[in-house]
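Letter by letter, the sequence shown follows residues 168 to 511 of our numbering.
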Amino acid sequence: MKICANCVLPETFPGIRFNEKGICNFCLNYQAKKERIHLQKEAYRYKFLSLLDQFRGPDKPDRLFSYDVLMAYSGGKDSSYTLKILKQNYGMKVLALTFDNGFLSSYALNNIKRVCESLGIDHLLVSPSRKLLNQAFRESAIGEIYCQKALERASSICNTCMNLVKSYMLKTAIEMSIPLMAYGWSPGQAPITSALMRWNAGMIKQTQQSIASILKKIMGDALDSFLLSDRHFKLLNLKNSIFLYNLHPLAFIDYNEEEVLEKVKELGWEEPLDTDSNSTNCLLNSLGVKIHQRRLGFHPYALEIAGLVRAGYMTREEGLAKLLKEPDDKIVEEVKRELSITSF
Ligand SMILES: [Zn+2]
Numbered sequence: 168m169k170i171c172a173n174c175v176l177p178e179t180f181p182g183i184r185f186n187e188k189g190i191c192n193f194c195l196n197y198q199a200k201k202e203r204i205h206l207q208k209e210a211y212r213y214k215f216l217s218l219l220d221q222f223r224g225p226d227k228p229d230r231l232f233s234y235d236v237l238m239a240y241s242g243g244k245d246s247s248y249t250l251k252i253l254k255q256n257y258g259m260k261v262l263a264l265t266f267d268n269g270f271l272s273s274y275a276l277n278n279i280k281r282v283c284e285s286l287g288i289d290h291l292l293v294s295p296s297r298k299l300l301n302q303a304f305r306e307s308a309i310g311e312i313y314c315q316k317a318l319e320r321a322s323s324i325c326n327t328c329m330n331l332v333k334s335y336m337l338k339t340a341i342e343m344s345i346p347l348m349a350y351g352w353s354p355g356q357a358p359i360t361s362a363l364m365r366w367n368a369g370m371i372k373q374t375q376q377s378i379a380s381i382l383k384k385i386m387g388d389a390l391d392s393f394l395l396s397d398r399h400f401k402l403l404n405l406k407n408s409i410f411l412y413n414l415h416p417l418a419f420i421d422y423n424e425e426e427v428l429e430k431v432k433e434l435g436w437e438e439p440l441d442t443d444s445n446s447t448n449c450l451l452n453s454l455g456v457k458i459h460q461r462r463l464g465f466h467p468y469a470l471e472i473a474g475l476v477r478a479g480y481m482t483r484e485e486g487l488a489k490l491l492k493e494p495d496d497k498i499v500e501e502v503k504r505e506l507s508i509t510s511f
C-alpha cells in the first residue's frame with residue numbers, strides 16, 4: 168500500500184492525493200499553514216491565560232465557582248498529563264470526571280486513583296448501565312451509523328463513546344456551575360482552532376440534536392439521561408458571561424510523547440499491558456480499530472498520528488510502528504464476546 172513519504176497516511180485515506188515526490192496533500196497544506204499555526208499556538212495560550220485571570224487567582228477572594236475546570240479523565244497518558252498541567256502549571260481547581268464505559272483497563276482504573284491522589288484532585292466516577300452501553304457499542308460496531316467525516320478521526324465505537332462523554336461533561340458542568348471543560352486531546356487529535364472554544368446555547372442545542380439523531384435509534388429513551396434537558400438550558404441562560412468553555416491545552420503547550428510518559432510516571436502512572444498500541448486506557452479500542460480497518464481500509468488513528476508526525480512530535484517510524492501493530496486477538500475476542508458480536 169502506498170503511504171505518504173512524509174507522514175503516515177495511506178492511499179486509502181479519504182480525499183488523499185500525492186505529488187510527484189510521494190507527499191500527500193495534507194502535508195502540503197500543513198507546510199503552507201505552518202507559520203500561521205505557530206502564531207495561533209501563541210495566541211491561544213495568551214487567550215487562555217487572559218480567561219484564567221478573569222475568574223481565578225489569589226487576588227480574587229470572591230471566587231465564583233467551586234471548581235475552575237471539569238476534566239474528562241480517561242486515565243490515559245494524555246489526559247493524566249493534562250490534569251497535571253492544569254493543576255500544577257496553571258494552579259487550577261480541577262474536578263476530574265471518568266466515564267466508565269465498562270472496558271477501562273484495570274491499569275487505567277489504578278492509574279486514575281494514583282494520579283488524582285498524587286495531584287490532590289477530586290474525582291468523580293460515572294458508571295452508566297453496562298447493559299445499555301454494551302447495546303450502544305454493539306450497534307455502533309455492526310451498523311453504519313456515522314458519516315464518513317466522523318469516521319476519518321475515530322472508529323464508530325469511539326465516536327459513540329465520545330458523544331456520550333461530551334454530552335455528560337456538558338450536563339455536569341452546567342449542573343455544577345463549572346466554567347471550563349477540559350480534554351486531553353493530543354495535538355494530532357484536534358485542531359488548534361478548537362483549543363479554547365466558547366459555547367453558546369445555539370451550539371449546544373445543535374450538538375445535542377446531532378447526538379440524538381444518531382444514538383436515539385439505538386439507545387431509545389435511555390439516551391435522555393446523557394442529554395441536556397430544558398432545565399439545563401434554563402440554568403445556562405442564568406449564568407454570567409464567562410460561562411462555558413471547551414479547552415484542550417495540549418494543542419498550545421509543548422508536547423512530546425516521551426516527556427508526557429516520563430512526567431505521568433512521576434505521578435505513579437503505570438503503562439498498561441493490556442491495551443493496544445494507540446490507547447493507554449481502553450480495551451474496547453482494540454475491537455474498534457480492527458473493525459474500522461477492515462471496513463474502511465485505513466487505521467482510525469492514522470489522521471491523528473499523521474498530525475503528530477507532521478508537526479514533529481513523533482518520528483515517521485514511530486508513527487508507522489503504532490499503526491502497524493495489530494491489536495491483541497485475545498482482547499478483541501473478549502470484547503466481541505462481551506458485546507455478543509459473532510462476526511464482523
Ligand atoms: Zn502526508
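Using N, Cα and C, we set each Cβ at its ideal position, and we do this for glycine too.
Fair warning: this is a prediction, and the values are worked out from it, not measured in the lab.
Output the boundary residues of the alpha helix (DSSP H) element that contains residue i.
i	result
Phe266	Not the alpha helix (DSSP H): Phe266 falls in the beta strand (DSSP E), residues 261-266.
Ala158	Here the chain covers residues 168 to 511 and nothing more, so residue 158 does not appear.
Ser353	Neither: Ser353 is in no alpha helix (DSSP H) and is coded neither H nor E.
Phe393	Phe393 -> no alpha helix (DSSP H), and no H or E assigned at all.
His459	451-463
Ala303	297-309
Thr249	244-251
Tyr335	323-342
Thr374	368-386
Asp495	Note, Asp495: premise wrong, no alpha helix (DSSP H); not H, not E.
Ile472	469-477
Glu437	Segment: none, Glu437 is in no alpha helix (DSSP H) and carries neither H nor E.
CA-CA distance, residue i and residue j?
i	j	result
Glu493	Ile204	33 Å
Pro346	Cys314	31 Å
Phe419	Leu262	21 Å
Leu403	Ile371	10 Å
Leu276	Lys457	24 Å
Glu187	His415	36 Å
Thr374	Met329	12 Å
Phe304	Ser510	14 Å
Lys338	Glu311	27 Å
Cys325	Leu218	31 Å
Asn367	Gly387	27 Å
Asn448	Leu292	15 Å
Phe410	Leu300	30 Å
Asn233	Lys298	The amino acid at residue 233 is misidentified as Asn; the sequence shows Ser. Using only the alpha carbons, I get a separation of about 34 Å.
Leu382	Ser296	16 Å
Leu253	Asn192	35 Å
Ile170	Tyr211	33 Å
Thr360	Cys194	18 Å
Arg504	Leu475	34 Å
Val332	Ser294	11 Å
Ser334	Ser392	10 Å
Asn256	Leu286	12 Å
Gly435	Arg184	44 Å
Does the Cβ of residue i have 16 or more other Cβ atoms within 10 Å, making it buried, or fewer, making it exposed?
i	result
Lys401	exposed
Ala239	buried
Gly242	buried
Asn278	buried
Ala308	buried
Ser396	exposed
Met481	buried
Gly124	This structure does not reach residue 124, given that the chain is present from 168 up to 511, and the question cannot be answered.
Ser408	Confidence at Ser408 is low in this model, with a pLDDT of 48, below 50, so its placement is unreliable and no value can be given for it.
Leu206	exposed
Thr442	buried
Met259	buried
Ser272	buried
Asn196	exposed
Glu425	exposed
Gly486	buried
Glu216	Residue 216 is actually Leu in this sequence, not Glu. Flag for Leu216 reads exposed.
Ser323	buried
Ser512	Outside the shown range of the chain, which is 168 to 511, sits residue 512, and nothing can be said about it.
Pull the bridge partners of residue i from the DSSP assignment, please.
i	result
Pro177	Ile170
Ala239	Leu264
Leu291	Leu264
Asn256	In the DSSP output, where bridge partners are listed per residue, Asn256 has none listed.
Leu271	Cys449
Phe419	The partner list for Phe419 (beta bridge, DSSP) is empty, contrary to what the question assumes.
Cys191	Phe185
Please report the residue range of the beta strand (DSSP E) in which residue i lies.
i	result
Ala317	It is not in any beta strand (DSSP E) - Ala317 instead sits in the alpha helix (DSSP H) that spans 315-318.
Arg365	363-365
Met348	347-349
Tyr412	412-414
Quick one: does residue i have its CB under 9 Å from some CB of chain B?
i	result
Gly355	Here chain B cannot be found, since the structure has a single protein chain.
Touch test, the region 377-384 against the region 268-280, Cβ-Cβ under 8 Å, three pairs minimum: Contact between the region 377-384 and the region 268-280 is not established, with fewer than three Cβ pairs separated by less than 8 Å.
The region 422-437 contacting the region 248-263, beta-carbon criterion three pairs below 8 Å: Result yes; three or more Cβ-Cβ pairs closer than 8 Å.
Sufficient close CB pairs (3 or more, under 8 Å) joining the region 464-481 to the region 170-181: The region 464-481 vs the region 170-181: in contact.
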